[in-house]
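First comes the structure, then the notes that go with it.
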Amino acid sequence: MNEYVNKERGMMFIPFITTGDPNAEATVDLASVLQDFGASALELGIPYSDPLADGPVIQWASRRALENHMTLLKALRLVKRMRESGVKIPVIIFTYVNPLLQLGTETFFHEAKENGVDGLLVPDLPFEESHELSEQCRVHQISLISLVAPTTSDQRLTAICQAAQGFIYCVSSLGVTGVRSHFHPDIFPFLERVRAASSLPIAVGFGISSRAQVDELRNYADGFIVGSAIVSQIEKRADGLRSENRKEALDEIKHYLQDTLPAAEQVAGRRTV
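Residues in the sequence shown are numbered from -2 upward in steps of one, following my numbering.
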């Protein structure tokens, strides 16, 4: 994880996609497209019927993936196919507590290590209840990514940052995921508080969809996470991505990334598209 996610790599781009949306084959190809664009890591969302942190765009993506019978176990094994196709960036599994418990943590860590997973993010697991999972992650060398929000108290922020692994995921605003046109002014003093509490890289997510927003974050954060904006592009091209000849749909998503997000030299990694 540290090789790809660190402060020296410039403004890190961390995309989110939902596993199995619109199908498993497209997920593997999308991971390659995002790596080629310059992604520093990939958040791989696990479809779930009751996603508390997800807005409508990602909820619909989960629905499409669930209709394809995607599960946490299948998603973990799909990471191996990504590795075989040339994806080298860290892959972070974004899932909820119930799917994790249903699979079993012992099976999760065995499959995660077998298939090349680097990180885990569980948005509905309170920090106060994460100690056991955090220790398991340390034993298996998988980073447990911590979320903090503008409403997190100084005392709690310090405790979370001291236990954090990989990078700090800063939620830009309250509520669920989804594209927003502006940041609330409170985000900037919030990011300064996080910077003072941790030496790990800081990445901002929830609502980011434009080059202008990334520019606003440059003096405050080390990276940005884009989810709903990319997932909505996948939704628009779902039929093409499902087809055996999905190259045209993938090319359209490449052009969307080029037109919408910072230029190659402004994000970490090397863009080859």
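Yeah, the Cβ is synthetic: ideal placement off N, Cα and C, and Gly gets one too.
Legend entry - Reduced DSSP secondary structure (H/G/I, E/B, other) of M9: strand
Inset, instruction - Confirm, please, whether the CB-CB distance from G116 to T163 is below 7 angstroms. - result: Looking at the sequence shown, residue 163 is not Thr but Gly. Going by C-beta atoms, G163 is nearer than 7 angstroms to G116.
Legend entry - Residue closest to I11, alpha-carbon to alpha-carbon, out of R135, I205, A193: I205
Inset, instruction - Mind checking which residues open and close the beta strand (DSSP E) that includes Y166? - result: 165 to 168
Legend entry - Assigned exposure category for E262 - 16 Cβ within 10 Å defines buried: For E262, the predicted structure reports a pLDDT of 48, less than 50, and the residue's modelled location is therefore unreliable. The matter cannot be settled from this model.
Legend entry - Start-to-end residues for the alpha helix (DSSP H) that takes in G237: 235 to 239
Inset, instruction - Jot down the residue ranges of each uninterrupted alpha helix (DSSP H) in the region 173 to 217, minimum 4 residues, whole runs only, in chain order. - result: Entirely contained in the region 173 to 217, the alpha helix (DSSP H) runs reaching 4 residues are, in chain order, 184 to 194, 208 to 214.
Legend entry - DSSP-derived helix/strand/coil call for I139: Three-state result, I139: coil.
Inset, instruction - Evaluate the contact criterion for the region 101 to 109 versus the region 17 to 26: three or more CB pairs, one atom per stretch, below 8 angstroms. - result: Verdict: no, contact absent.
Legend entry - Proximity winner among S29, R6, I55, relative to D248 (alpha-carbon distances): S29
Legend entry - Endpoints, alpha helix (DSSP H) assigned at V2: Premise fails: V2 is in no alpha helix (DSSP H) and is neither H nor E.
Legend entry - Residues near V270 by beta carbon distance below 8 angstroms, same chain, minus five either side: Summary for V270: the model assigns pLDDT 34, below 50, so the residue's position carries little reliability; its value from the coordinates is reported in the next sentence. Sequence-distant Cβ neighbours of V270 in its own chain, meaning closer than 8 angstroms and more than five residues away, are V30, D33, F34, K251, L254, Q255.
Inset, instruction - Starting from G116, follow its DSSP beta bridges and name the residues at the other end. - result: I89, S140
Inset, instruction - Could you check how far apart the C-beta atoms of I281 and A36 are, in whole angstroms? I think they sit under 8 angstroms. - result: Nothing can be reported for residue 281: it is not among the residues displayed for the chain, which extend from -2 to 270.
Legend entry - Alpha carbon of P120 to alpha carbon of I184, nearest angstrom: Cα-Cα distance, rounded: 19 angstroms.
Legend entry - Separation of T15 from I165, as counted between CA atoms: 21 angstroms
Legend entry - Whole alpha helix (DSSP H) elements within the region 28 to 114, 4-residue minimum: 53 to 64, 69 to 81, 94 to 100, 102 to 112
Legend entry - CA-to-CA distance, S229 to V54, given in whole angstroms: 6 angstroms
Legend entry - Buried or exposed (CB count within 10 angstroms, at least 16 for buried), A218: buried
Inset, instruction - Please name the residue in L97, I227, W57 whose C-alpha comes closest to that of L73. - result: L97
Legend entry - C-alpha distance - R6 paired with P182, whole-angstrom precision: Roughly 26 angstroms separates the two Cα atoms.
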